[in-house]
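Worksheet: one structure, shown below.
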Amino acid sequence: MQIAEILDRAMLNSQATPQLSLDYPEIGLKQAYQIQAAGIEKRMSRNEKLLGIKMGFTSRAKMLQMGVDDLIWGRLTSTMQLVEGGSVSLKRFIHPRIEPEIAFRLNKTLKGKVSLLEAMNAVDAIAPALEIIDSRYANFKFSLADVVADNSSSSGFVLGQWRSPKQDIGNQAMVMEINGKPVQIGSSSAILGNPWRSLVEAARLAAESDICLEAGWIVLAGAATAAHPLSTGDHVCLHTSSMGQVHLHAGE
Ligand code: OOG
Ligand code: MG
1 MQIAEILDRA
11 MLNSQATPQL
21 SLDYPEIGLK
31 QAYQIQAAGI
41 EKRMSRNEKL
51 LGIKMGFTSR
61 AKMLQMGVDD
71 LIWGRLTSTM
81 QLVEGGSVSL
91 KRFIHPRIEP
101 EIAFRLNKTL
111 KGKVSLLEAM
121 NAVDAIAPAL
131 EIIDSRYANF
141 KFSLADVVAD
151 NSSSSGFVLG
161 QWRSPKQDIG
171 NQAMVMEING
181 KPVQIGSSSA
191 ILGNPWRSLV
201 EAARLAAESD
211 ICLEAGWIVL
221 AGAATAAHPL
231 STGDHVCLHT
241 SSMGQVHLHA
251 GE
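For the sequence shown, position 94 matches number 94 in UniProt numbering, and the numbering has no gaps at all.
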């Protein structure tokens, strides 16, 4: 698929590309998810592994920041996963931003319409997480179909230590610091009222593309606050109330 190829090249060359919807205004969401899938197939043919999915626009702060009002999802692959406390070169990105998230680890399959309890019972661990988003579109501007085709801007993620899911994650403080200064302060309640709801929505939305969430997968619940630009030299730390911390350094 030609469009998947254009987005793949933009990613590999760290070079922004014009918004898809300008040239192909007829592309709808269904086709956008097919383009996303084609792009991921390219990555898997280069030996990347599928690790799970990420949810997007699960908080008002994110919807307002990007001017969209619908939930989306994207795929997480092995090259996107970064080492906790490690350094990532910003050369591989175009205009990276970072955002505070919560990750779930599944130990059971989830497919389609599931209850909150079923979703909770399918998770064996949770962790604080940081996601790097890097739209392949110029000026980080996109329509909903654009961003979906572009794997929902997903570009990198780092997970803190996995811990038991048997704790209240409905109102965790989420304080994201850069070089010791808080740049985004929020609560996990900003994620659909409770991050567990994001997992229910993930199962439902993935099923619309005939995909079930698999045991072993990671699901990112979506950012609790707006994203923050990431610059070389930045030390990023996400502090939570009782889920621990996660760190990342942005190198040359
Ligand atoms: C799209 C990705 C949104 C989130 O956590 O809400 C997202 C974007 O903002 O570029 O990852
Ligand atoms: Mg995100």
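All C-beta atoms, glycine included, are put in the ideal place defined by N, C-alpha and C.
Among the residues of its own chain, which have a CB less than 7 Å from the CB of residue i, if the five just before and after it don't count?
{"i": "Ile-35", "result": "Met-1, Ile-3, Ala-4 and Ala-149"}
{"i": "Gln-184", "result": "Pro-100, Met-176, Thr-225, Ala-226 and His-228"}
{"i": "Ser-188", "result": "Ile-102, Ile-169, Gly-170, Asn-171, Gln-172, Met-174, Pro-195 and Ala-224"}
{"i": "Lys-113", "result": "Arg-204"}
To the nearest whole angstrom, what separates the beta carbons of residue i and residue j, a pair I think is in contact under 8 Å?
{"i": "Gly-56", "j": "Pro-128", "result": "Actually they do not touch by this definition, with Cβ atoms about 18 Å apart."}
{"i": "His-249", "j": "Gly-28", "result": "Not a contact, Cβ separation roughly 40 Å."}
{"i": "Ala-221", "j": "Ile-102", "result": "5 Å"}
{"i": "Leu-130", "j": "Leu-238", "result": "6 Å"}
Could you tell me the distance, in whole angstroms, from the CA atom of residue i to the CA atom of residue j?
{"i": "Val-123", "j": "Gly-170", "result": "15 Å"}
{"i": "Met-120", "j": "Asp-23", "result": "42 Å"}
{"i": "Ser-135", "j": "Asn-151", "result": "9 Å"}
{"i": "Ser-21", "j": "Ile-98", "result": "25 Å"}
{"i": "Arg-92", "j": "Ile-126", "result": "28 Å"}
{"i": "Leu-116", "j": "Ala-32", "result": "28 Å"}
{"i": "Lys-30", "j": "Asp-8", "result": "19 Å"}
{"i": "Lys-108", "j": "Gln-65", "result": "34 Å"}
{"i": "Arg-197", "j": "Ala-206", "result": "14 Å"}
{"i": "Ser-241", "j": "Glu-252", "result": "31 Å"}
{"i": "residue 257", "j": "Lys-42", "result": "Past the boundaries of the shown model lies residue 257; the chain is included only from 1 to 252, so the question cannot be answered."}
{"i": "Pro-17", "j": "Lys-166", "result": "Sequence inspection shows Thr at residue 17; the Pro mentioned does not correspond to that position. Straight-line Cα distance between these residues: approximately 44 Å."}
{"i": "Ser-231", "j": "Ser-164", "result": "33 Å"}
{"i": "Val-88", "j": "Ile-6", "result": "24 Å"}
{"i": "Glu-26", "j": "Gly-67", "result": "20 Å"}
{"i": "Arg-46", "j": "Lys-181", "result": "39 Å"}
Could you work out which residue in the options is closest to residue i when comparing CA atoms only?
{"i": "Ile-94", "options": "Ile-102, Leu-22 and Asn-13", "result": "Asn-13"}
{"i": "Met-44", "options": "Ala-16, Thr-77 and Leu-22", "result": "Thr-77"}
{"i": "Leu-71", "options": "Glu-201, Ile-218 and Ser-115", "result": "Glu-201"}
{"i": "Met-63", "options": "Thr-109, Leu-192 and Leu-117", "result": "Leu-192"}
{"i": "Leu-199", "options": "Ile-53, Ala-38, Ala-16 and Arg-46", "result": "Ile-53"}
{"i": "Val-246", "options": "Lys-166, Leu-82, Ile-133 and Ser-231", "result": "Leu-82"}
{"i": "Met-11", "options": "Glu-26, Leu-90 and Leu-50", "result": "Leu-90"}
{"i": "Val-219", "options": "Gly-67, His-235 and Phe-157", "result": "Phe-157"}
{"i": "His-210", "options": "Leu-110, Asp-8 and Leu-106", "result": "Before going further, note that residue 210 is Asp rather than His in the sequence given. The candidate whose alpha carbon is nearest that of Asp-210 is Leu-110."}
{"i": "Glu-84", "options": "Val-68, Leu-159, Asn-47 and Arg-46", "result": "Leu-159"}
{"i": "Cys-212", "options": "Leu-106, Ile-133, Gln-161 and Pro-182", "result": "Leu-106"}
{"i": "Ile-133", "options": "Gly-67, Met-80, Gly-180 and Pro-25", "result": "Met-80"}
{"i": "Trp-162", "options": "Glu-208, Lys-181, Arg-46 and Phe-104", "result": "Phe-104"}
Near residue i, which residues of its chain fall below 8 Å by C-beta distance, leaving aside the five closest residues on each side in sequence?
{"i": "Arg-60", "result": "Ala-190"}
{"i": "Gln-19", "result": "Tyr-137, Ala-138, Lys-141, Phe-142, Ser-143 and Asp-146"}
{"i": "Asp-69", "result": "Phe-57 and Met-63"}
Beta-carbon within less than 6 Å of residue i's beta-carbon, same chain only, minus the 5 sequence neighbours each way: which residues are those?
{"i": "Ile-178", "result": "Asp-234 and Val-236"}
{"i": "Ser-154", "result": "Lys-54 and Gly-74"}
{"i": "Gln-15", "result": "none"}
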